[in-house]
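Which chain is which? The protein sequence lines are R and S, in order.
Note that UniProt numbering has the first sequence beginning at 1, numbered continuously upward.
Note that UniProt numbering has the second sequence beginning at 1, numbered continuously upward.
Using N, Cα and C, we set each Cβ at its ideal position, and we do this for glycine too.
Input: a single structure, listed below in structure tokens.
There are 2 protein chains.
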Amino acid sequence: MQAALDELRQAFAGRLLVDEADKAPFLTDWRRKWTGQAVAVAQPDSAADVAAVVRWCAQHRIAVVPQGGNTGLSGGATPDTSGRTLVLSLTRLNKVRAIDTINNTLTVEAGVTLQQVQDAAREAGRLFPLSLAAEGTCTIGGNLANNAGGVQVLRYGNARELCLGLEAVTAQGELWDGLRGLRKDNTGYDLRDLFIGSEGTLGVITAAVLKLHPLPAAQVAAFVAVPDPAAALQLLQLAQSRLGAGLTAFELMSDTCIALVEKHVDSARLPLAERSPWYVLLEVSDNVDEAHASAAIEGLLEAALEQELATDAALSATLAQFQALWALREDISESQGAEGRTIKHDIALPISRIADFIATMGAEIERRWPGERLVVFGHLGDGNLHYNLSPAADRLGAEHRAAFEALEKPINQCVHDAVVAHGGSISAEHGLGVLRRDESARHKSAVELRLMQAVKAALDPHGLMNPGKLLPPNQEHSE
Amino acid sequence: MQAALDELRQAFAGRLLVDEADKAPFLTDWRRKWTGQAVAVAQPDSAADVAAVVRWCAQHRIAVVPQGGNTGLSGGATPDTSGRTLVLSLTRLNKVRAIDTINNTLTVEAGVTLQQVQDAAREAGRLFPLSLAAEGTCTIGGNLANNAGGVQVLRYGNARELCLGLEAVTAQGELWDGLRGLRKDNTGYDLRDLFIGSEGTLGVITAAVLKLHPLPAAQVAAFVAVPDPAAALQLLQLAQSRLGAGLTAFELMSDTCIALVEKHVDSARLPLAERSPWYVLLEVSDNVDEAHASAAIEGLLEAALEQELATDAALSATLAQFQALWALREDISESQGAEGRTIKHDIALPISRIADFIATMGAEIERRWPGERLVVFGHLGDGNLHYNLSPAADRLGAEHRAAFEALEKPINQCVHDAVVAHGGSISAEHGLGVLRRDESARHKSAVELRLMQAVKAALDPHGLMNPGKLLPPNQEHSE
């Protein structure tokens, strides 16, 4: 292996980490749920060198685990423990290659962080709307490999809808140049969308042409007390018919979520006089100005109060207030973590089924696991809920930890079975990785699994691209 | 074959046409450019029966040519002349299966016409925005198989972006149920987008879950005289920054186009006092009301006149005027046909390259083929031009016909080479079929062709799904 590694070192210009201490940060996910082994960590700094590394791996039958900012939640970027893998870190592919403000496109390499992408767009007077908690660290390559979602999907779509073209390295180590900046191109199979969301199991994304939008002239947020999820859904419909594409976010959260944020974040406080079992955070983006945006949102809220879809609302009047309202939503995940162990689900449902799901699932969990606290929030406008649990308030001590952890599997199964029964998805925006791989396969039809396996075998016949992620490993070559 | 056909007749409940006269309408495309042969035309009326027909074809190694409304422009739905094919007509799969106005989804079978889809949405108070000339006849299955475009892609996207889930029959005759009505679902490879745009070469789409939008409260159109394409592009940028998602169409056309419409359509007339070399038709959709829409468009036009991006403009004040302005654009294609033979291109370019392309390509064509008339129009907001030619005005007689037809190949090559050199696509929205298949393969990289062939071989190992379309036939099994 030493000779082979020396040969690899010659094959590309980037870094090759082989010492245990150097490799360690790349072998564990950031939540420290998974740890693996790797013969080396390669850090090429060009797409051509990514291809060289993959060719070396193909030749030596070493598996390739692509890794961006290592912020994934499903273990998709952590190697297994076989020791026959190489971690391919993309973070040194960090160039903004081109920006075209007439075509409204930005061409970036895979290792550019999401925040750098947003900043590059904003400096050019444009909006790149993908936004999520890890944006300071996660990379656009990882966002695309996982088809990331976030808070503005309602208006602008997932990562998939924000990408016009890709450059990728195939499992054979060839460089595919699909970097087209076109809104329309019907010249064959949609390889772009095949690589997007494939979690590195079909090839390695090295660059992308991203779609930019006009920067809105003003944004206003409202924090709205609603009696229940059904009312929140009616408010969503009202908002969509009145605001159309001006409605850029519509987030639901329970009072339990906000109470956790108030408990763990000093500056947080409910912007309303009275508590409500549920709240909605909605955001309006406007092409005219702040006054125009406020008038639109005030008109909506007036109608909502009149129709008893909302009981109270606070509107942002300054940027600081806008950020404070958003912080209440964005700090939920960290506050829940600060409270103790968590059981999490990243689910999507048809929007019309959500109220029923929340009601029946909540009752079942209360019946089967009384006292455990549901922490339910999410992107209601996209049908995406983070349907989480925290231990009961009187069972936070270390002595209860094992008992709570033992609930994870049965609660996962209970929630996911109900999600599938409601026509939903058990991974809305986090991908499958290893975390949801088997659970997903359990719920897929035999036809769909066979189609996925056929695609995998066709593009990666030796099963070397991020093996064991997305698809169960023992089924990959069952064709 | 007779015994096998009898067996097929038993295998499904729909119709089986075997008489030459019955089959004939399915064996020629509507422009009568291609004619083929088929052992039979099967007209199943359920997805299960589509699967039964495909299983019979797989067993007997008969190729399957799926056909919807038979309105395609690239010969993708016409069988070849081998006689070893079966035409699978989907028009009897014509049920609207479900509508969900809260989830904003419509589930329809493949044979429902685009206009029936639009009508079903409108009856439920929703918008299905895909719109194109053949909408009264073309089917949604064909629209998805070709990833159709049309006039509102700028705001709402292609057919691909309007589809959340699919049901399809695989080459093995299995029914894949991917009818999910979810905005987010990251549980594996994007099979949906693989089938969309694959022109029936990977399987047969039998049903789809479509995404609906709120119906706009008002729509206003403006017909704007602009000095040249560069000014039209600046007007597009201004319109996008001022109107955002309110800008739902932005069409460019040359004065030659409008003159042809005026010549061949009695009711047509230019709505402006003076002619201009180029015009833009733009449409604003509004969530508030007509006055609000008109104010927005008037503000835009005022700024455009002041910045000398436009020289004059007419605004629609009534529905009749709105339709009359749109008719000027929509009647171009038919008017050009009435003028005589045509040479057509359906190209896409990065929007920033269009003005340069029109200028340099126009000069080259005038130099190499003096007198032939360029008829240039298209969806400027999407970078999609219908870059067509008609014979010179003094060469319309039958005696010039063969000479003009002989220009098709060299002009195609000249235009397409320039398109590719400008980073564009030689098939923006019409698909490849047989018309652009070889030309496309000539411009694709070896890596991209190999990836497409690998996908084809994986999902259709016997090469029975619409063979010879999209990919050159002799390369399909070169793996």
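| Item | Value |
| --- | --- |
| Partners in chain S for R:Ser131, counting only beta-carbon separations shorter than 7 angstroms | None at all; the shortest Cβ gap to chain S is about 15 angstroms. |
| Amino acids of chain R, ordered along the chain, whose beta-carbon sits closer than 7 angstroms to that of S:Asp382 | Arg183 and Lys184 |
| Closer than 7 angstroms at the beta carbon, the chain R residues around S:Gln240 | Pro214 |
| Residues of its chain near S:Arg242, where Cβ-Cβ distance is below 8 angstroms and the 5 sequence neighbours each way are ignored | Ala296, Gly299, Leu300 and Ala303 |
| Against chain S: residues of the stretch 166-177 of chain R by CB proximity under 8 angstroms | Thr170, Glu174, Leu175, Trp176 and Asp177 |
| Neighbour list for S:Ile196 in chain R, Cβ cutoff strictly below 9 angstroms | Asp190 and Asp193 |
| Beta-bridge pairing of R:Leu253 - partner residues as DSSP gives them | Inspection of the sequence shows that residue 253 of chain R is occupied by Met rather than by Leu. Partner(s): R:Tyr279 and R:Phe377. |
| Of the residues S:Ala402, S:Trp369 and S:Ile351, the one placed nearest S:Leu385, counting alpha carbons only | S:Ile351 |
| For S:Glu281, the nearest candidate out of S:Ala221, S:Gly246 and S:Lys263 (CA to CA) | Per the sequence shown, the amino acid found at residue 281 of chain S is Leu instead of Glu. Closest option to S:Leu281, Cα to Cα, is S:Ala221. |
| Sub-8 angstroms separation of R:Leu86 and R:Ala42 beta-carbons | yes |
| Under 7 angstroms from the C-beta of R:Thr187: neighbouring residues of chain S | Ser425, Ile426, Ser427, Leu432 and Ser440 |
| R:Ala327 vs R:Gly424 beta-carbon contact at 8 angstroms | no |
| DSSP state of R:Gln219 mapped onto helix, strand, coil | strand |
| First and last residue of the uninterrupted beta strand (DSSP E) at S:Trp369 | That residue, S:Trp369, is in no beta strand (DSSP E); it is neither H nor E in DSSP. |
| Burial state of R:Leu319, where buried means 16 or more other Cβ atoms lie within 10 Å | exposed |
| Contacts of R:Glu290 in chain S (Cβ-Cβ under 8 angstroms) | None at all; the shortest Cβ gap to chain S is about 15 angstroms. |
| S:Gln453 and S:Asn388 closer than 8 angstroms at C-beta | no |
| Rounded separation between R:Gly463 and R:Val169 - CA only | 15 angstroms |
| Identity of the residue in R:Ile365, R:Gly397 and R:His422 nearest R:Glu408 by Cα | R:Ile365 |
| Within 8 angstroms, strictly: CB atoms of R:Pro391 and R:His379 | no |
| Local conformation of S:Glu334 per DSSP, three classes | helix |
| Cβ neighbours of S:Val312 in the same chain (closer than 6 angstroms, five flanking residues each side left out) | For the sequence presented, residue 312 of chain S should be read as Asp rather than Val. Ala225 and Leu272. |
| Where R:Asp100 sits in the DSSP three-state scheme | strand |
| Cross-chain neighbours of R:Glu298 in chain S, by beta carbon under 7 angstroms | Going along chain S, no residue has its Cβ under 7 angstroms from R:Glu298, so there is no contact; the nearest lies around 14 angstroms. |
| Residue-chain proximity (R:Ala304, chain S), Cβ-Cβ < 8 angstroms | no |
| Any C-beta of chain S under 8 angstroms from that of R:Gly362 | no |
| CB-CB length for S:Tyr189 against R:Ser427, believed under 8 angstroms | Not a contact, Cβ separation roughly 13 angstroms. |
| Residue-chain proximity (R:Arg180, chain S), Cβ-Cβ < 8 angstroms | yes |
| Per-residue burial, S:Ala363 [other beta carbons within 10 Å of its own, 16 or more giving buried] | exposed |
| Test: R:Glu448 CB closer than 8 angstroms to a CB of chain S | yes |
| Three-state class that DSSP yields for R:Thr318 in the structure shown | coil |
| Cβ contact (3+ pairs, closer than 8 angstroms) linking the stretch 113-120 of chain S and the stretch 131-139 of chain S | yes |
| Helix, strand or coil at residue 480 of chain R [DSSP, three-state] | No answer is possible for residue 480 of chain R: it lies beyond the span of chain R, which begins at 1 and ends at 479. |
| Any non-hydrogen atom of the ligand ADP closer than 7 angstroms to S:His292 Cβ | Looking at this structure, you won't find the ligand ADP or any other ligand, since it has none at all. |
| With 16 other Cβ atoms within 10 Å as the buried cut-off, status of S:Glu405 | exposed |
| Test: S:Ala458 CB closer than 8 angstroms to a CB of chain R | yes |
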